[in-house]
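Just so we're aligned, residue 1 is where the sequence shown starts under UniProt numbering, counting upward by one. C-beta atoms are modelled at their ideal positions from N, C-alpha and C, and glycine is treated no differently. Read the structure below first, then the notes.
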Amino acid sequence: MPKLNFLSLIMVGRYQRPLKKIESITACSPLEQFAIIQLIPIHIGNLHFPFTNSSLFMLLTIGLVLLLVHFVTLDGGHLVPNAWQSFVEMIYDSVLNLVNEQISGAFSVKQRFLPLIYVTFTFLLFRNLIGMIPYSFTVTSHSIITLGLSFSLFIGITIVGSQTHGLHFFSFSLPQGVPLPLAPFSVLLEPISYRFRALSLGIRLFANMMAGHSLVKISSGFAWTMLSVGGILYLAQLAPFFIVFASTGSELGVAIPQAYVFTISLCIYLNDAINLHQGTSAS
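So this is what it looks like as structure tokens:
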């Protein structure tokens, strides 16, 4: 064991306390709530598929939605709907109106894509709301989840457009009314813009959820610090709690519209793929 001289003892004593402070700051980081924790390690050969807290809360979300719909639709539902049945019917009516307004065409075409859009909206809505519960996990605050969802849906939209229009589907790179001198630039830029739709769809949801939850975490830590410090003015100590309530309300106002924005963007892109070079008309 190496001997410690006087200078070494001074350096250890000098940097011991700052290191503890750094550890405490790291433990209270607002990004700690987004950490992926391995719950059950699963190995298949050389591949590693761990069951994490993200997987757990996605399964809890799916189970909660299925149980809610099952109990609401049990025995055909109630003639006079209760609160839960009214909530489920409100979600269904909202998605149905959204599909009718944003996707033009025959009724059979709209009904074909209604289940996909309804499941997407319901999953995002419940996933965002469950993330507001303290000590829970927000799955949509991770870019790998939101981008995986957006790219999967966008690949499906591209397949639908190709099956509907064939090779003519790729004429989206040259919209109607483009002047002839700008046609070469449109052919080069439109495919890039088309691919960035899926990227922006996932990043928008991820960035808003992560920023909102970080703000709530920082406000909560600030309120707890103000109460711990103490002081003469009691109302001044309670002021941070009003900030926490305000930030929580604003985050709740972000969680619900983000599911709606993601779904309405999906409907618009799906309408562009089905009705090539045509506007949206409610029918």
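Pick from the options that is closest to residue i, judged by C-alpha positions
i: A211; options: F57, S141, L276 and I145; result: S141
i: V65; options: V95, L39 and V119; result: V119
i: L199; options: L266, F71 and Q111; result: L266
i: I264; options: T61, L67, L68 and L96; result: L96
i: G202; options: S173, V187 and F262; result: F262
i: D272; options: I256, F222, S162 and T225; result: S162
i: A259; options: F245, M209, M226 and S220; result: M209
i: A207; options: L188, I62, S247 and A255; result: A255
i: I62; options: L124, Y135 and T52; result: L124
i: N276; options: M226, R195 and T164; result: It should be pointed out that residue 276 corresponds to Leu in this sequence rather than to Asn. Minimum Cα distance to L276 is reached at T164.
i: F126; options: I274, L60 and R195; result: L60
i: I274; options: S86, V109, D75 and H78; result: V109
Residue i versus residue j: straight-line alpha-carbon distance, rounded
i: I144; j: E32; result: 17 Å
i: Y92; j: S150; result: 22 Å
i: G105; j: S94; result: 19 Å
i: T122; j: S193; result: 28 Å
i: E101; j: Q111; result: 13 Å
i: I157; j: I103; result: 13 Å
i: G131; j: L180; result: 50 Å
i: I155; j: I117; result: 15 Å
i: S250; j: I44; result: 43 Å
i: M58; j: I243; result: 30 Å
i: S220; j: N128; result: 19 Å
i: A183; j: R204; result: 30 Å
i: F185; j: G148; result: 30 Å
i: A113; j: L47; result: Strictly speaking, residue 113 in this sequence is Phe, with Ala absent from that position. Straight-line Cα distance between these residues: approximately 35 Å.
i: P257; j: T52; result: 27 Å
i: T135; j: N82; result: Note that residue 135 is Tyr in the sequence shown here, rather than Thr. Approximately 30 Å, taken between the alpha carbons.
i: D75; j: P115; result: 21 Å
Same chain, Cβ closer than 8 Å to residue i, neighbours up to 5 away in sequence not counted
i: S54; result: I36, F137, V139, H142 and I145
i: L56; result: L39 and F137
i: G166; result: none
i: W84; result: L68, F71 and V72
i: H78; result: Q85
i: K21; result: In this prediction, K21 has a pLDDT of 41, which is less than 50 and means its spatial position is unreliable; what the coordinates show is noted afterwards. For K21, where only same-chain residues beyond five positions count, there are no Cβ hits under 8 Å.
Environment of residue i [buried if 16+ CB atoms lie within 10 Å]
i: L270; result: buried
i: I90; result: A small correction: the amino acid at residue 90 is Met; Ile does not occupy that position in the sequence shown. The residue is exposed, with fewer than 16 neighbouring Cβ atoms inside 10 Å.
i: V80; result: exposed
i: L153; result: buried
i: F107; result: exposed
Sequence-distant residues of its chain with Cβ nearer than 6 Å to residue i (five each side left out)
i: P41; result: P50
i: I159; result: none
Other residues of its chain near residue i: CB distance less than 7 Å, five sequence neighbours each side excluded
i: L252; result: M132
i: T73; result: none
i: S247; result: L215, V216 and S219
i: L188; result: none
i: F245; result: none
i: R197; result: F154 and Y269
Beta-carbon separation (whole angstroms), residue i vs residue j, contact threshold 8 Å
i: V69; j: V99; result: 18 Å between Cβ atoms; not a contact.
i: F169; j: E190; result: Actually they do not touch by this definition, with Cβ atoms about 12 Å apart.
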